[in-house]
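Trainee:
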Amino acid sequence: MPYRLKDGVYSIKCRHPQCPFNTRFEINQIIMGVNEQDVECEAMKIARDMAFIKHNEIYGTKHKLKNPQIRKISGNYVFIGTNQQQMEDERGAVSYRKFEKNELILKKGDDAATICQVVSGYAFPRRNKAHRYKVGYCFGIAGLLDKQNRTADIIAGTDNTKIGFHNIIKLSKINPKKARQLYNMSMEDIFEVIKDLEKTIEKLEKERTAKIEVV
Ligand SMILES: [Zn+2]
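Residue numbers for the sequence shown follow my numbering, beginning at 1 and rising by one.
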C-alpha cells in the first residue's frame with residue numbers, strides 16, 4: 001500500500017577535501033512509494049539532484065559534488081488509507097490498468113474524462129522521453145479542458161506499469177480533498193511541460209545565434 005513523505009529535510013555534504021559544502025534541502029513534493037524504503041530512496045535521489053545543482057552553482061568551476069553524504073534530518077511517512085480507496089473503487093471513481101513496457105497509456109486525440117496517476121512503474125510522453133512520470137505523479141489534465149482531447153501519447157516505461165484513471169467529477173463528490181490534490185498535481189505537470197518547452201526554445205535560439213556567429 002502506498003506511503004507518502006511529508007515535510008522531508010535532508011542534509012547533503014560534499015566529501016571533496018576542504019570543500020565546505022554542507023547544505024539542507026526541504027523536500028516538499030509528494031513522494032509516493034509502495035513502502036517506506038521506496039519513498040526514502042526516491043527522496044534521497046531528489047535531495048542529491050538538488051544538491052548537485054546548488055553545488056555546481058557555487059563550486060562548479062572547481063569540482064563536482066563528490067560522493068555526497070546524505071542524511072535525513074526530518075520527515076514523516078504517511079500511510080495512505082485503504083478504506084477510502086475501496087469506497088472510491090466501488091463507486092467507479094477510479095479504475096486501474098496495467099501496461100507492459102512501451103505500451104500506449106494515453107493516445108493523442110482520445111476522448112478524455114480522467115486524470116491519470118502512476119501507481120507502479122513509470123511513464124513518459126512519446127515526444128519527450130526525459131519527462132518522467134514516476135510513482136505518485138499525475139498527468140492528463142489537458143484532456144479535461146473543454147473541447148480538448150488528449151494532447152500527447154503517453155507510454156509505459158516498464159513492464160507492470162500500473163495506472164489509476166481517476167474520474168474527477170465522480171471523485172469530487174466522494175472525496176473532494178483528493179480530487180483537488182490530483183487536480184493540483186496534474187496542473188503542476190502542465191507547468192513542468194511549459195518549463196521543458198522554454199528550455200528547448202532557449203536551446204534552439206542559442207544554436208541559431210551560434211550558427212549566425214559562425215557565418
Ligand atoms: Zn564540493
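All C-beta atoms in this analysis are idealised placements derived from N, C-alpha and C, irrespective of residue type, glycine included.
Taking 6 Å as the cut-off, is the CB of His-16 close to at least one heavy atom of ligand 1?
Mentor: Residue 16 sits at position 16 when you count from the first residue of the sequence shown. Under cutoff, so the answer is yes.
Trainee: Tell me whether Asn-184 is buried or exposed, calling it buried when 16 or more other Cβ atoms sit within 10 Å of its Cβ.
Mentor: Taking the sequence shown and counting its residues from 1, the one referred to as residue 184 is at position 184. Exposed: under 16 other Cβ atoms inside 10 Å.
Trainee: Report the CB separation of Tyr-3 from Arg-24 in whole angstroms; it is logged as a contact under 8 Å.
Mentor: Within the sequence shown, the letter at position 3 stands for residue 3. Within the sequence shown, the letter at position 24 stands for residue 24. Not confirmed; about 23 Å, so no contact.
Trainee: Between the alpha carbons of Ser-74 and Glu-40, how many angstroms are there, rounded?
Mentor: To locate residue 74, count along the sequence shown from 1; it is residue 74. To locate residue 40, count along the sequence shown from 1; it is residue 40. Rounded to whole angstroms, Ser-74 to Glu-40 spans 11 Å at the Cα level.
Trainee: Does the distance between the C-beta of Tyr-122 and the nearest non-hydrogen atom of ligand 1 fall short of 6 Å?
Mentor: For the purposes of this step, residue 122 is identified with residue 122 of the sequence shown, where counting begins at 1. Because no heavy atom of ligand 1 lies under 6 Å away, the Cβ of Tyr-122 does not count as near it: no.
Trainee: Using CA atoms only, rank isn't needed, just tell me which of Glu-103, Lys-62, Pro-68 is closest to Pro-125.
Mentor: Counting from one through the sequence shown, the residue named residue 125 turns up at place 125. Nearest option by C-alpha distance: Glu-103.
Trainee: With 16 other CB atoms within 10 Å as the buried threshold, where does Lys-211 fall?
Mentor: Taking the first residue of the sequence shown as 1, we reach residue 211 at position 211. With fewer than 16 Cβ atoms within 10 Å of its Cβ, Lys-211 is classed as exposed.
Trainee: What do you get for Gln-37, buried or exposed, if any count of 16 or more other CB atoms within 10 angstroms of its CB means buried?
Mentor: Stepping through the sequence shown from its first residue, residue 37 is reached at position 37. So Gln-37 counts as exposed.
Trainee: Considering just the uninterrupted stretch of the beta strand (DSSP E) at Phe-25, what are its terminal residues?
Mentor: On the sequence shown, residue 25 is found 25 positions in, with the first residue counted as 1. Run containing Phe-25: 22-27, per the beta strand (DSSP E) assignment.
Trainee: My output table needs one value for Ile-163: the three-state DSSP class, helix, strand or coil.
Mentor: Here residue 163 is taken as the residue at index 163 of the sequence shown, counted from 1. Ile-163: strand per DSSP, three-state reduction.
Trainee: Please return the same chain residues whose Cβ sits closer than 8 Å to the Cβ of Leu-171, not counting the five positions on each side in sequence.
Mentor: Along the sequence shown, read from residue 1 onward, the residue named residue 171 stands at position 171. Result list for Leu-171: Glu-88, Ala-93, Val-94, Lys-178, Ala-179, Leu-182, in chain order.
Trainee: Looking only at its own chain, which residues have a Cβ that is under 6 Å from the Cβ of His-63, when we skip the five neighbours before and after it?
Mentor: The residue labelled residue 63 in the question sits at position 63 within the sequence shown. Around His-63: His-16.
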